[in-house]
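Working notes for the structure below.
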Amino acid sequence: MQKPLFSVLLDDGREVHFQHATTLLDSLEAQDVAVHYQCREGYCGSCRVQLLEGDVHYAEEPMAWLNEGDILPCCCIPKSDIKIKL
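Position 39 of the sequence shown, counted from 1, bears residue number 21 in this note's numbering, the numbering being contiguous throughout.
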(Lines of atoms letter the chains of each structure in order from A and count residues from 1; the text may use other names and numbers.)
(Lines give C-alpha, C1' and ligand atoms only; values in the text may rest on other atoms or scores of the structure.)
Protein backbone atom coordinates (compact mmCIF):
# COMPACT_ATOMS: atom_id res chain seq x y z
CA MET A 1 0.00 0.00 0.00
CA GLN A 2 1.33 3.43 -0.94
CA LYS A 3 1.86 5.93 1.88
CA PRO A 4 -0.36 9.04 1.69
CA LEU A 5 1.04 12.22 0.18
CA PHE A 6 0.61 15.40 2.23
CA SER A 7 1.51 18.98 1.35
CA VAL A 8 3.76 20.85 3.77
CA LEU A 9 3.43 24.60 3.32
CA LEU A 10 6.24 26.62 4.88
CA ASP A 11 5.74 30.09 6.30
CA ASP A 12 8.04 31.55 3.62
CA GLY A 13 5.68 30.38 0.87
CA ARG A 14 7.57 27.25 -0.21
CA GLU A 15 5.63 24.02 -0.54
CA VAL A 16 7.16 20.57 -0.10
CA HIS A 17 5.57 17.16 0.30
CA PHE A 18 5.61 14.41 2.89
CA GLN A 19 5.76 10.89 1.49
CA HIS A 20 8.04 7.90 2.00
CA ALA A 21 9.80 9.32 5.06
CA THR A 22 10.07 8.11 8.63
CA THR A 23 9.59 11.56 10.17
CA LEU A 24 8.69 15.07 9.08
CA LEU A 25 12.31 16.12 9.72
CA ASP A 26 13.61 13.39 7.36
CA SER A 27 11.19 14.56 4.69
CA LEU A 28 12.13 18.23 5.09
CA GLU A 29 15.86 17.44 4.94
CA ALA A 30 15.40 15.34 1.80
CA GLN A 31 13.87 18.40 0.13
CA ASP A 32 16.65 20.78 1.22
CA VAL A 33 14.64 22.53 3.93
CA ALA A 34 17.02 23.49 6.75
CA VAL A 35 15.70 22.69 10.23
CA HIS A 36 17.87 23.02 13.33
CA TYR A 37 18.03 19.77 15.32
CA GLN A 38 20.20 17.85 17.78
CA CYS A 39 18.91 14.57 19.19
CA ARG A 40 16.41 13.46 16.49
CA GLU A 41 14.50 11.57 19.22
CA GLY A 42 12.12 14.15 20.76
CA TYR A 43 14.22 14.73 23.89
CA CYS A 44 15.87 18.10 23.38
CA GLY A 45 13.22 20.14 21.55
CA SER A 46 15.74 22.00 19.38
CA CYS A 47 13.84 21.19 16.16
CA ARG A 48 10.62 22.76 17.54
CA VAL A 49 8.47 24.54 14.93
CA GLN A 50 4.99 26.04 15.03
CA LEU A 51 2.12 24.09 13.50
CA LEU A 52 -0.09 26.74 11.90
CA GLU A 53 -2.58 24.42 10.19
CA GLY A 54 -3.28 20.69 10.05
CA ASP A 55 -2.58 17.71 12.30
CA VAL A 56 0.41 15.52 13.10
CA HIS A 57 0.86 12.15 14.78
CA TYR A 58 3.55 11.03 17.23
CA ALA A 59 4.32 7.29 17.33
CA GLU A 60 5.67 7.96 20.84
CA GLU A 61 4.97 11.07 22.90
CA PRO A 62 8.06 13.37 22.85
CA MET A 63 9.92 14.04 26.09
CA ALA A 64 10.67 17.71 25.27
CA TRP A 65 8.32 20.39 26.58
CA LEU A 66 5.95 21.63 23.88
CA ASN A 67 4.02 24.89 24.02
CA GLU A 68 0.55 25.10 22.51
CA GLY A 69 0.91 24.89 18.72
CA ASP A 70 4.49 23.57 18.74
CA ILE A 71 5.54 20.28 17.11
CA LEU A 72 8.79 18.35 16.89
CA PRO A 73 9.47 17.36 13.27
CA CYS A 74 12.09 14.84 14.42
CA CYS A 75 9.45 12.48 15.76
CA CYS A 76 6.12 13.29 14.08
CA ILE A 77 4.41 12.65 10.77
CA PRO A 78 1.58 14.63 9.16
CA LYS A 79 -1.97 13.30 9.37
CA SER A 80 -3.18 15.90 6.87
CA ASP A 81 -1.81 18.74 4.77
CA ILE A 82 0.00 21.05 7.18
CA LYS A 83 1.44 24.57 7.37
CA ILE A 84 4.44 25.19 9.63
CA LYS A 85 6.52 28.16 10.73
CA LEU A 86 10.22 27.35 10.89
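Built from N, CA and C at the ideal position, the CB exists for glycine as well.
Would you kindly check if the distance between the Cβ of leucine 33 and the Cβ of isoleucine 59 is under 9 Å?
Working through the sequence shown from its first residue, we reach residue 59 at position 77. Working through the sequence shown from its first residue, we reach residue 33 at position 51. Against a cut-off of 9 Å, the Cβ pair of leucine 33 and isoleucine 59 comes out as no contact.
In chain order, each beta strand (DSSP E) run of at least 3 residues that lies wholly inside the stretch -10 to 35:
-3 to 0 and 31 to 35
Using three-state DSSP, classify proline 44 as helix, strand or coil.
Locating residue 44 in the sequence shown gives position 62, counting from the first residue. If DSSP states are grouped into helix, strand and coil, proline 44 belongs with coil.
Would cysteine 56 pass as a contact of leucine 7 if the rule is Cβ separation under 9 Å?
Position 74 of the sequence shown, counted from the start, is the residue given in the question as residue 56. Position 25 of the sequence shown, counted from the start, is the residue given in the question as residue 7. Yes, they are a contact pair.
Can you give the Cα-Cα distance for glycine 51 and glycine 36, rounded to whole angstroms?
Along the sequence shown, one-based indexing puts residue 51 at 69. Along the sequence shown, one-based indexing puts residue 36 at 54. Answer to the nearest angstrom: the Cα atoms are 11 Å apart.
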